[in-house]
Amino acid sequence: MSAEAVEQRSLGTAAAEEESATLKEQQDVARGLENFPVSVWPLGAGPRPKPFQYTPDHVAGPGADIDPTQITFPGCACSDTPCLPGTCSCLRHENNYDDSLCLSNIGLEAKYAKPVFECNVLCQCGERCRNRVVQHGLQFHLQVFQTDKKGWGLRTLESIPKGRFVCEYAGEILGFSEVQRRIHLQTAHDPNYIIAIREHIYNGQVMETFVDPTYIGNIGRFLNHSCEPNLLMIPVRIDSMVPKLALFAAKAILPGEELSYDYSGRFLNQISSEDKERIDPEQLRKPCYCGAPSCATFLPYDSSLYCP
Ligand SMILES: C[S@@+](CC[C@H](N)C(=O)[O-])C[C@H]1O[C@@H](n2cnc3c(N)ncnc32)[C@H](O)[C@@H]1O
Ligand SMILES: [Zn+2]
Ligand SMILES: [Zn+2]
Ligand SMILES: [Zn+2]
């Protein structure tokens with residue numbers, strides 16, 4: 001075979017490989033990195049979400065105080081006994097999950113969501129320990145689809161019982177000045193993916209975590225806001241002090257239903273008077289098309305991210 005023929009054949013193989021990679025990507029936005037493929041509807045040719053790099057877990061981005069991939073927590077010593085509150089150092093007060101893998105107390109109208117610590121890589125308990133849920137990843141088949149007025153959205157193809165873990169909101173962990181830099185580059189028409197989580201720790205101290213899945217992220221980036229959502233976001237810590245932003249079913253969800261959460265975090269963490277004062281003039285806010293009877297007309301707006 002001539003050198004030219006070899007080169008032509010290898011070019012042909014490269015083109016075929018590229019085509020099959022594109023096909024694979026069309027069939028699975030998660031690129032094989034989740035427990036199941038996540039399809040895009042309509043299947044086959046047609047409009048696709050803007051490309052982004054897929055990661056199932058947070059990655060350190062510019063200005064991150066803590067690298068989210070580093071292990072910061074010690075493990076428990078439960079090798080002979082199951083992890084139970086009182087004896088297991090990972091379970092401070094009560095079980096985080098019940099026997100059906102549902103988050104305990106999800107229905108209770110507590111004012112603040114309780115912190116959740118799962119057993120981690122340094123724990124002596126096994127993989128089947130009941131205090132390991134979010135770390136096992138997706139448990140339900142989900143699909144990215146085009147909504148009428150909100151851009152892309154995420155829906156479930158299976159029923160999801162109330163309290164079950166659905167997916168994470170993962171992306172680059174950023175420092176505050178990088179958040180401000182990125183937000184200033186956005187136009188009013190760009191979808192915003194940056195989320196700020198504020199946790200009241202103790203002594204009035206607040207821990208802030210900024211996650212941006214715009215360029216590197218997981219399927220959580222396709223979740224739209226609803227004023228009457230079916231998911232609840234809870235910070236869950238496993239190996240790192242940087243919380244995983246885990247979304248749990250706030251009610252039983254039927255196949256085909258769009259998944260949504262309240263971008264203001266108001267489901268359990270009710271809005272404070274301080275937050276109310278920070279809410280900005282209406283012209284800066286985007287209209288909300290969630291369609292819920294109690295729709296607040298505009299998307300929640302975190303004015304603290306938009307300071308000069
Ligand atoms: C995290 S992204 C959600 C995915 C996005 N729809 C997409 O196409 O990639 C957030 C953006 O989606 C749009 N969005 C989300 N919920 C919405 C709602 N209830 N009404 C109108 N637009 C919404 C807004 O542009 C918002 O900035
Ligand atoms: Zn334990
Ligand atoms: Zn443990
Ligand atoms: Zn709404």
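Here the sequence shown stands for residues 1 to 308, where the numbers follow the UniProt record's numbering. Think of the CB as a built atom: it goes at the ideal place given N, C-alpha and C, for glycine as much as any other residue.
- Three or more Cβ pairs closer than 8 Å define a contact, and the segment 77-84 falls short of that threshold against the segment 208-227.
- In terms of Cα proximity to V40, the closest of Y301, V116, L157, Y97 is L157.
- Checking the DSSP bridge columns, you'll see S39 partnered with Q143.
- Rounded to the nearest angstrom, the gap between the Cα atoms of V236 and P115 is 7 Å.
- Considered as a whole, the UniProt domain "Pre-SET" (74-137) harbours no complete run of any alpha helix (DSSP H) with no fewer than 4 residues.
- G220 sits in a helix when the DSSP states are folded into three classes.
- In this structure, I238 sits away from F248, with a CB-CB distance that is not shorter than 8 Å.
- The nearest non-hydrogen atom of ligand 3 is 7 Å or more from the C-beta of N224.
- Relative to the Cα of P300, the nearest Cα in the group A45, C288, E257 belongs to C288.
- Proximity of the segment 205-217 to the segment 116-134 falls short of the contact definition, fewer than three beta-carbon pairs being nearer than 8 Å.
- Beta-bridge partners assigned by DSSP to Y54: G217.
- Looking at the backbone, the Cα of S260 and that of L231 are separated by about 6 Å.
- If you look at E178, you'll find it in the alpha helix (DSSP H) that goes 176-185.
- CA-CA distance, H141 to V38, rounds to 7 Å.
- Rounded to the nearest angstrom, the gap between the Cα atoms of G291 and P42 is 23 Å.
- Bounds of the beta strand (DSSP E) holding A196 are 195-200.
- In terms of Cβ geometry, T55 and A170 form a close pair [threshold 8 Å].
- Burial of V144 is indicated by the presence of at least 16 other C-beta atoms within 10 angstroms of its C-beta.
- With contacts defined by Cβ atoms closer than 8 Å, C102 and C88 do not form a contacting pair.
- If you draw a 10 Å sphere on the C-beta of N203, you find fewer than 16 other C-beta atoms in it, and that means exposed.
- A distance below 8 Å between beta-carbons, with the five flanking residues on each side excluded, links Q186 to the following residues of its chain, in chain order: N192.
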